[in-house]
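Heads up, the thing below is written out as structure tokens.
2 protein chains.
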Amino acid sequence: MIANIEDVARLAGVARSTVSNVINRPGIVAEATRKRVTDAMEMLGYVPNESARVLAGGLGRFIGMVVHDASNPFFGRIARAVEDIALERDYVVTLTSTGAEAAREDNALRLLMRQRAQGVLLTTAALRATAVASLRKIGTRVVLLDSPGGDDECSVSVDDVEGGRLAGRHFLECGYTRIAFAGRPQRTTQHGDRLTGLREALAEDGRRPGLHVQKLTVAGDDVASGRQAAATIAAGDLSTPLAVLCGNDLIAMGLMFGLQELGVRVPDQVAICGYDDIDLAQYLAIPLTTVRQPMDAMGRAAFELLLDEVTSKEHTHLGKQFVPELVVRRSTAPI
Amino acid sequence: MIANIEDVARLAGVARSTVSNVINRPGIVAEATRKRVTDAMEMLGYVPNESARVLAGGLGRFIGMVVHDASNPFFGRIARAVEDIALERDYVVTLTSTGAEAAREDNALRLLMRQRAQGVLLTTAALRATAVASLRKIGTRVVLLDSPGGDDECSVSVDDVEGGRLAGRHFLECGYTRIAFAGRPQRTTQHGDRLTGLREALAEDGRRPGLHVQKLTVAGDDVASGRQAAATIAAGDLSTPLAVLCGNDLIAMGLMFGLQELGVRVPDQVAICGYDDIDLAQYLAIPLTTVRQPMDAMGRAAFELLLDEVTSKEHTHLGKQFVPELVVRRSTAPI
DNA sequence: CGCCACCTCTGGAGCGCTCCAAAGCAGCAT
DNA sequence: ATGCTGCTTTGGAGCGCTCCAGAGGTGGCG
Numbered sequence: 018m019i020a021n022i023e024d025v026a027r028l029a030g031v032a033r034s035t036v037s038n039v040i041n042r043p044g045i046v047a048e049a050t051r052k053r054v055t056d057a058m059e060m061l062g063y064v065p066n067e068s069a070r071v072l073a074g075g076l077g078r079f080i081g082m083v084v085h086d087a088s089n090p091f092f093g094r095i096a097r098a099v100e101d102i103a104l105e106r107d108y109v110v111t112l113t114s115t116g117a118e119a120a121r122e123d124n125a126l127r128l129l130m131r132q133r134a135q136g137v138l139l140t141t142a143a144l145r146a147t148a149v150a151s152l153r154k155i156g157t158r159v160v161l162l163d164s165p166g167g168d169d170e171c172s173v174s175v176d177d178v179e180g181g182r183l184a185g186r187h188f189l190e191c192g193y194t195r196i197a198f199a200g201r202p203q204r205t206t207q208h209g210d211r212l213t214g215l216r217e218a219l220a221e222d223g224r225r226p227g228l229h230v231q232k233l234t235v236a237g238d239d240v241a242s243g244r245q246a247a248a249t250i251a252a253g254d255l256s257t258p259l260a261v262l263c264g265n266d267l268i269a270m271g272l273m274f275g276l277q278e279l280g281v282r283v284p285d286q287v288a289i290c291g292y293d294d295i296d297l298a299q300y301l302a303i304p305l306t307t308v309r310q311p312m313d314a315m316g317r318a319a320f321e322l323l324l325d326e327v328t329s330k331e332h333t334h335l336g337k338q339f340v341p342e343l344v345v346r347r348s349t350a351p352i
Numbered sequence: 018m019i020a021n022i023e024d025v026a027r028l029a030g031v032a033r034s035t036v037s038n039v040i041n042r043p044g045i046v047a048e049a050t051r052k053r054v055t056d057a058m059e060m061l062g063y064v065p066n067e068s069a070r071v072l073a074g075g076l077g078r079f080i081g082m083v084v085h086d087a088s089n090p091f092f093g094r095i096a097r098a099v100e101d102i103a104l105e106r107d108y109v110v111t112l113t114s115t116g117a118e119a120a121r122e123d124n125a126l127r128l129l130m131r132q133r134a135q136g137v138l139l140t141t142a143a144l145r146a147t148a149v150a151s152l153r154k155i156g157t158r159v160v161l162l163d164s165p166g167g168d169d170e171c172s173v174s175v176d177d178v179e180g181g182r183l184a185g186r187h188f189l190e191c192g193y194t195r196i197a198f199a200g201r202p203q204r205t206t207q208h209g210d211r212l213t214g215l216r217e218a219l220a221e222d223g224r225r226p227g228l229h230v231q232k233l234t235v236a237g238d239d240v241a242s243g244r245q246a247a248a249t250i251a252a253g254d255l256s257t258p259l260a261v262l263c264g265n266d267l268i269a270m271g272l273m274f275g276l277q278e279l280g281v282r283v284p285d286q287v288a289i290c291g292y293d294d295i296d297l298a299q300y301l302a303i304p305l306t307t308v309r310q311p312m313d314a315m316g317r318a319a320f321e322l323l324l325d326e327v328t329s330k331e332h333t334h335l336g337k338q339f340v341p342e343l344v345v346r347r348s349t350a351p352i
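Heads up: the sequence lines are chains R and X, in that order.
According to our numbering, the first sequence is numbered sequentially starting from 18.
According to our numbering, the second sequence is numbered sequentially starting from 18.
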């Protein structure tokens with residue numbers, strides 16, 4: 018029914034190996050033969066069977082990408098960048114969201130292992146060394162995404178402490194004396210680092226030693242969580258302007274929407290700084306000041322690292338760290 | 018290096034076939050034997066090689082999903098639903114965005130064919146019959162997503178004409194006499210249908226025959242496009258309230274943000290109705306009235322349809338059409 | 001005690017492909 | 001002519017697994 022390499026060979030009057038050569042090393046096949054083979058392939062609508070190729074020892078061309086939540090624009094954008102570059106290289110990438118649940122993550126990795134994925138770009142809340150170890154055991158390479166990682170694997174991340182510092186300095190320059198952080202300092206190291214950086218910036222500031230950060234812990238990474246934080250803030254003291262750094266842009270957006278609805282003025286009464294610089298940030302009614310992470314570059318770098326680990330003989334693990342950048346828009350302003 | 022079924026068999030002291038049975042038909046293997054085999058698998062860290070399974074004729078467990086843009090929350094949500102149910106059934110799904118470019122779509126499909134994907138959930142701007150035909154030729158099933166489709170394939174869609182009608186009736190009930198549509202009526206049938214429905218609702222209305230829809234054609238499906246439309250509207254006549262149905266929620270959000278920034282009051286001066294009901298819609302400062310598409314149900318239905326086509330002997334193609342639902346929030350209000 | 005049915009388990013064939021060693025075949029210098 | 005070199009092409013082995021027909025074993029029953 019469906020044509021295989023044998024059929025092509027027969028029609029073209031050559032051996033299977035020659036067809037294989039046309040596919041994989043067209044250079045070594047004589048012009049005339051190659052033409053005959055490609056014609057035959059065309060005629061039969063032949064499509065190589067990837068399973069057979071992989072099984073026969075050719076390198077597979079397929080990687081997995083496992084993230085918390087693909088619907089978060091931050092991951093979505095990175096995924097898009099990875100996919101773009103992967104497609105260029107003829108790699109297929111499968112994207113899986115885990116919702117940061119260990120069980121789902123295990124399941125996704127198990128499936129990827131069965132498929133003998135060449136590699137995995139992994140965003141994992143708690144890096145479970147066992148999972149990574151079993152991945153590596155069957156030859157699947159791992160690059161950690163959005164977290165620093167150890168010496169045993171490549172990783173791509175952003176200097177989140179510096180990011181927090183940037184926001185903190187900006188707040189101080191604007192003249193804010195009340196500063197808060199809305200995020201999940203406990204669960205993810207990312208938010209924790211951002212908070213640390215924010216505190217460092219305040220500490221570095223000679224003018225106002227002892228300036229403290231008010232912590233607003235939110236339930237999730239999403240807009241809904243940010244919106245809940247708005248109620249807390251609106252209920253509190255608004256006589257002095259407050260500046261809030263959010264764990265990410267979604268939280269910041271939720272916070273902003275919530276405050277607007279409650280009649281709190283942004284940035285006059287509450288200034289907001291997000292984190293990530295997702296696409297949406299610039300289009301809001303009050304465009305969002307935020308700390309930009311270079312998502313495209315991160316995605317590309319992660320793929321390149323993985324590809325190198327997969328293909329190069331002498332690969333050395335590399336922890337690539339990007340530097341964030343403050344993007345000032347209208348959700349913050351000098352007092 | 019990496020354990021295979023042979024190694025497991027040897028360690029457990031059984032034949033390869035028995036190990037295979039333990040994996041695929043555990044019921045027929047005696048309790049004691051099964052235990053020995055699973056222990057051996059555990060001990061060796063054995064993971065079945067999917068390529069070999071597929072090659073040997075076992076059914077593969079992997080489908081592709083090809084959409085315009087996975088970062089659009091509408092598709093993102095559907096993808097998530099598909100993935101959830103697929104994971105339950107031990108299927109892997111690979112998500113690819115095409116940016117509605119034919120070349121990218123072809124490339125993605127080609128890759129999927131090589132991998133002998135069991136099936137593909139396809140959102141295609143212009144259904145190119147040839148692509149679908151070659152997919153089917155190698156046995157890859159296709160379910161059309163978000164477009165009606167013909168008799169030759171299953172499809173999942175929403176009655177967009179009805180959706181437009183719902184919005185239109187709502188506008189009339191609120192008392193609007195000036196009505197506009199912001200979208201891409203020419204390119205995608207979805208937006209076209211929504212506009213048609215909107216017009217039908219006005220036509221059905223006995224009170225004001227001849228009421229017309231002003232067409233605001235936008236460049237894309239995204240927030241930026243909606244924001245551009247805001248400038249056009251703000252520059253026009255605002256003395257009479259205007260109601261705008263947008264091609265999707267992103268456009269609606271962009272429009273709303275743009276109007277807010279320009280000082281136009283929503284809904285007093287301009288009422289906005291979106292389409293899709295993405296998660297964000299309810300969280301905006303002015304929560305968005307919108308026409309809800311049942312994204313989770315659509316994703317699930319698409320997968321079920323595909324699974325049936327893949328596994329069931331006597332499958333009949335089915336065009337499943339969902340009914341949209343109007344969700345009234347604060348971006349529209351009685352005049 | 002023998003036969004049969006039933007339950008388990010087994011060996012071999014084969015899926016479609018790649019890789020490898022080696023064969024075939026010029027063309028050229030000797 | 002003969003031998004050699006370099007370019008093409010070839011057949012066979014094998015990747016890890018599933019499927020199938022049938023081999024062994026066990027117990028029931030006449």
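Idealized CB from N, CA, C, for every residue including glycine.
DSSP three-state assignment for residue i, whether helix, strand or coil
i	result
G192 (chain R)	coil
Y300 (chain X)	helix
V31 (chain R)	coil
V54 (chain X)	helix
I155 (chain R)	coil
I352 (chain X)	coil
V137 (chain R)	strand
D285 (chain X)	coil
T307 (chain X)	strand
S242 (chain X)	helix
M130 (chain R)	helix
Environment of residue i [buried if 16+ CB atoms lie within 10 Å]
i	result
M18 (chain X)	exposed
R106 (chain X)	exposed
H85 (chain X)	buried
D285 (chain X)	exposed
N41 (chain R)	exposed
P226 (chain X)	exposed
H187 (chain X)	buried
M60 (chain X)	exposed
Top-ranked residue by Cα proximity to residue i, from the options
i	options	result
R224 (chain R)	R:E190, R:R42 and R:V235	R:E190
R309 (chain X)	X:L323, X:A288 and X:F339	X:F339
N265 (chain R)	R:R131, R:K330, R:V137 and R:R244	R:R244
A146 (chain R)	R:R131, R:D168 and R:A134	R:D168
R97 (chain X)	R:M82, R:M312, R:S114 and R:V283	R:S114
V31 (chain X)	X:I45, X:E48, X:R53 and X:N21	X:R53
T313 (chain X)	X:F92, X:D177 and X:V149	Per the sequence shown, residue 313 (chain X) should be read as Asp rather than Thr. Nearest of X:F92, X:D177 and X:V149 to D313 (chain X), Cα basis: X:F92.
Cβ neighbours of residue i in the same chain (closer than 8 Å, five flanking residues each side left out)
i	result
E23 (chain X)	R33
A103 (chain X)	I80, V109, V110 and F320
R51 (chain R)	V39 and P43
CB contact check: residue i to chain R, cutoff 8 Å
i	result
F91 (chain X)	no
P65 (chain X)	yes
Y292 (chain X)	no
E100 (chain X)	yes
R133 (chain X)	yes
G185 (chain X)	no
N124 (chain X)	yes
L272 (chain X)	no
I19 (chain X)	yes
8 Å Cβ cutoff, residue i in contact with chain X
i	result
S242 (chain R)	no
F320 (chain R)	no
G180 (chain R)	no
E326 (chain R)	no
E221 (chain R)	no
V159 (chain R)	no
I268 (chain R)	no
G62 (chain R)	yes
Neighbourhood of residue i by C-beta distance below 6 Å, restricted to the same chain and skipping five residues each side
i	result
D294 (chain X)	T307, R309 and V344
A350 (chain X)	P284
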